[in-house]
Every structure is written in C-alpha cells, then in structure tokens.
Amino acid sequence: MTESDALFPAGKSSIDCTADTLKVLSNPQRLKILCSLADNELTVQQIVEHAGSSQSNVSQHLGQMRNKGILLSRNDANRVYYRIGDRRVLQLIQMMKEIYCPPSEGRICDPDPAVHL
Numbered sequence: 013m014t015e016s017d018a019l020f021p022a023g024k025s026s027i028d029c030t031a032d033t034l035k036v037l038s039n040p041q042r043l044k045i046l047c048s049l050a051d052n053e054l055t056v057q058q059i060v061e062h063a064g065s066s067q068s069n070v071s072q073h074l075g076q077m078r079n080k081g082i083l084l085s086r087n088d089a090n091r092v093y094y095r096i097g098d099r100r101v102l103q104l105i106q107m108m109k110e111i112y113c114p115p116s117e118g119r120i121c122d123p124d125p126a127v128h129l
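Residue numbers for the sequence shown follow my numbering, so the first one is 13 and each next one is one higher.
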C-alpha cells in the first residue's frame, strides 16, 4: 500500500471531495470568518462585523462553508447562529499557515484584529 492509498483509500472520489473542500477554504474572507468563529458561535450580524464585509457577501461565504459541512447553523427566533462543524479545521488552517507562510506573521487566527490574514 502506497502513502497515497493510505490517504485516499476510496480513490478519486475522496480526492475530489478533499480538493473541493480545500477550494472552499482557500478564500481569505472565509478564513477570516472561520477565525471569528474559533471561540464560539456567532450570529450572521456578528460575523459581518468581524469580517468587515457586507451581509450579502458574508452570507454567500457562510452558505458555501455550510454546504461543505465546514460550518453548522441553527435558527433561534429571527437569528441564525453559525459554528464550526469540526474543530480540527482550525488545526488544519494553522498547520498550513505554519508550513507555507513566513513565521513572522503570527498565528492565523490571532485575536488581535490588527493582524491580517
């Protein structure tokens, strides 16, 4: 068994699924949204405030991540709350940053709003 067989035992469909998910994660605005959700669930309006973008733009990003299972949502009266579906996604993002980004940039989900992705 090769290393690639161990990573993707189901064949091409697993590779395609992984690639599609990584494409969704590859957007800076989506990474910013994920970082804002690192500690707790937030309403769409709270995410808009953290992301510094329009509600329609943020809603599109939230929908794409929800459709991939990266985010989960729940309705409470007239509010929609989002949270990260699997906390390991934050570890994945941090690991990729450590491998591919200069070390002087700090943690990708740094709580300091002055730190940009």
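Backbone N, C-alpha and C define an ideal beta-carbon position, used for all residues, glycine too. As the structure is a prediction and not an experimental result, all values here were calculated from the model.
DSSP places residue 111 in the uninterrupted alpha helix (DSSP H) bounded by 100–112. Counting only runs that start and end inside the region 21–101, the alpha helix (DSSP H) elements of at least 4 residues fall at 24–37, 40–48, 56–63, 67–79. Using a C-beta cut-off of 8 Å, the region 103–117 makes no contact with the region 82–89, since fewer than three inter-stretch Cβ pairs fall below that distance. Pairing residue 45 with residue 59 gives a Cβ-Cβ distance under 8 Å. Between residue 56 and residue 92 a beta carbon distance of about 5 Å is seen, short of the 8 Å cut, so the two are scored as contacting. Cβ-Cβ distances below 6 Å link residue 33 to 80 in the same chain, with the five nearest sequence neighbours on each side left out; the list follows chain order.
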